[in-house]
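**Q** One structure follows; several queries about it will come next.
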Amino acid sequence: VGSLGTAGIGALWYVPPVYGVQFIQQSQKLPSNAVTFSEMLAFFIPTVLAMFVGMLVDSWGACKVHTLALSLGCIVSPVPLFYWWAHVPPQ
């Protein structure tokens, strides 16, 4: 069970902000400064939300918040991206 949580956290920390942005840069030929800003923004949002997530952990419990974060980040949020990859033709 612990390895599943570790894999999910690794996927949330590194895939969208680093590999996802680099994949979009290669496919859309984006400039490097736009990619760097996107990576910075992907790390800035969790930093801002950290205090509120901490308060949620205090009131709701760490296990429930961890399960919620993994399900939202690893199952729910990639669905639109996978739909886009499968249905939008490459140009």
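Numbering-wise, this note's numbering puts 57 at position 57 of the sequence shown, and it's gapless, one number per residue. Ideal placement from N, C-alpha and C gives every residue a C-beta, glycine not left out. It should be emphasised that the depicted structure is a prediction, and the values quoted were computed from it without experimental measurement.
(1) Take A11 and list the residues in its own chain whose beta-carbon comes closer than 7 Å to its own, dropping the five residues that flank it on each side.
(2) Alpha carbon to alpha carbon, how far is V57 from I24?
(3) What would DSSP say about V21, mapped onto helix, strand or coil?
(4) Since S38 and V21 are thought to touch, with beta carbons under 8 Å apart, how far apart are those beta carbons, to the nearest angstrom?
(5) Determine the burial state of P17: buried for a count of at least 16 other Cβ atoms within 10 Å of its Cβ, exposed for fewer.
(6) Would you give the residue range spanned by the alpha helix (DSSP H) that C63 belongs to?
**A** Working from what's here:
(1) As a position in the sequence shown, residue 11 is number 11, starting the count at 1. Only C74 meet the Cβ criterion.
(2) Indexing the sequence shown from 1 puts residue 57 at position 57. Indexing the sequence shown from 1 puts residue 24 at position 24. Roughly 34 Å between the two C-alpha positions.
(3) The count along the sequence shown starts at 1 and reaches residue 21 at position 21. DSSP, reduced to helix, strand and coil, places V21 within a helical segment of the structure shown.
(4) For the purposes of this step, residue 38 is taken as residue 38 along the sequence shown, with counting starting at 1. For the purposes of this step, residue 21 is taken as residue 21 along the sequence shown, with counting starting at 1. About 5 Å; that satisfies the 8 Å criterion.
(5) For the purposes of this step, residue 17 is taken as the residue at position 17 of the sequence shown. So P17 ends up on the buried side.
(6) Counting from 1 along the sequence shown, the entry for residue 63 is found at position 63. 62-71 is the extent of the alpha helix (DSSP H) around C63.
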